[in-house]
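Numbering (the numbering used here) for the sequence shown: 851 to 1115. Backbone N, C-alpha and C fix where the C-beta goes; we use that ideal spot for every residue, glycine too. Values in this document were obtained by computation on a predicted structure and should not be read as measured data. Structure first, then comments.
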Amino acid sequence: MPLDDTVALITGAGSGIGRALARELARNGAHVLLVGRQAAALEETLALLAPPAYATVLVCDVTDPASIADLVDAVGSFRRLDLLINNAGIMVSGPASTEDAAARRQMIETNLLGPMELTQALLPLLRAAAPARIVNIGAMFGDIAFPYFCTYSATKFGLRGWSEALRRELAPSRIAVTYAAPGTTRTPAMEEFSAIADGLGITLDSPEKTAGLIVDGILRGARDIYPRGLERLFIPLQRLMPGLLDRILIRQMAKAQVGSPAETI
851 MPLDDTVALI TGAGSGIGRA LARELARNGA HVLLVGRQAA ALEETLALLA PPAYATVLVC
911 DVTDPASIAD LVDAVGSFRR LDLLINNAGI MVSGPASTED AAARRQMIET NLLGPMELTQ
971 ALLPLLRAAA PARIVNIGAM FGDIAFPYFC TYSATKFGLR GWSEALRREL APSRIAVTYA
1031 APGTTRTPAM EEFSAIADGL GITLDSPEKT AGLIVDGILR GARDIYPRGL ERLFIPLQRL
1091 MPGLLDRILI RQMAKAQVGS PAETI
């Protein structure tokens, strides 16, 4: 999918992968709509875009239907939307037995229901721009469920399944759907997982490297985007030898201290 002169919307654009994606898309000539809950963070992203980048800041909470409606009205002024990247997410870790109910709902609403409802609301604009593309940013947690990340894993499994179904449903409308499960990335939301990743021999990527991988996949029209290297090997291991992976993860989790406040990306 060429990006020059496209209109691309990114949620969670105020930090981490979203901010790096905004810079990469702008560098490729897209008009980037920077979406997030905090205007100040979005303005910081805007200031980092190299001229003559075209970008617009739009504040939206993807868990709030009224906020989504306001966003759709604002995006409607562009009369089309070529690329939607559902990147906003939240991670909370800890034992399932003591998981806070409000945090659990927040993860489900942000990571899964938010992309569903925002995508539904923006489909008319995507259809108007067809061929268009939706990119849903998942994680390795969408293929491999990690203990102490039960709800987060469930939201990413759900996002992957929804992406597959949506891809088949929208194909006749010439709207492609890409599911991206990039490698573990060094962002504030992933700090809790970094010790576990180190123990598994996984190197955390920079947001810039992850964004480059995703944009490369968009340019190629990729169906799915997965990490390169060691991390990717855990996915076939999950399918072929799940018992072995159980033992590896249980042993590694026993070495790591898990349980942190919510982190939003």
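- Judged by DSSP secondary structure, serine 927 falls outside any beta strand (DSSP E); it is assigned neither H nor E.
- Setting aside the 5 residues that flank it on each side, histidine 881 is surrounded in the same chain by Val857 and Tyr904, each with a C-beta closer than 6 Å to its C-beta; the list follows chain order.
- Residue burial annotation: proline 1057 is buried, with at least 16 other C-beta atoms found within 10 angstroms of its C-beta.
- Rounded to the nearest angstrom, the gap between the Cα atoms of isoleucine 940 and aspartate 855 is 31 Å.
- Counting other Cβ atoms within 10 Å of its Cβ, arginine 1024 stays below 16 and is therefore classed as exposed.
- Using a Cβ distance threshold of 9 Å, lysine 1006 and alanine 1031 count as a contacting pair.
- Between threonine 895 and glutamate 959, the gap from beta carbon to beta carbon reaches 9 Å or more.
- Beta bridge pairing from DSSP links aspartate 1074 with Tyr1029.
- Comparing C-alpha distances from phenylalanine 999 to each of Asn986, Asn961, Pro945 and Glu1019 shows the shortest one belongs to Pro945.
- In this structure, the CA atom of glycine 988 is about 17 Å from the CA atom of glutamine 1088.
- Around the Cβ of isoleucine 1100, a 10 Å sphere holds fewer than 16 other Cβ atoms; the residue is exposed.
- Around the C-beta of glutamate 874, 16 or more other C-beta atoms lie within 10 Å, and the residue is accordingly described as buried.
- For leucine 1063, the closest C-alpha among the options Ile1085, Thr1028, Gly1093 and Leu1090 is that of Thr1028.
- About 26 Å separates the beta carbon of leucine 908 from that of valine 942, a gap too long to meet the 8 Å contact definition.
- Put simply, of Asp1096, Val985 and Ala863 the residue whose alpha carbon is nearest the alpha carbon of alanine 891 is Ala863.
- Note on methionine 990: 16 or more other CB atoms within 10 angstroms of its CB, so buried under the neighbour-count rule.
- Residue environment analysis places proline 1077 among the buried positions, since at least 16 neighbouring C-beta atoms fall within 10 angstroms of its C-beta.
- The residue among Cys910, Arg983 and Pro902 with its C-alpha nearest the C-alpha of arginine 930 is Arg983.
- Contact check for leucine 934 against leucine 968 passes: the beta carbons are separated by less than 9 Å.
- Proximity to leucine 899 across Ala916, Arg877 and Ser917 peaks at Arg877, based on C-alpha coordinates.
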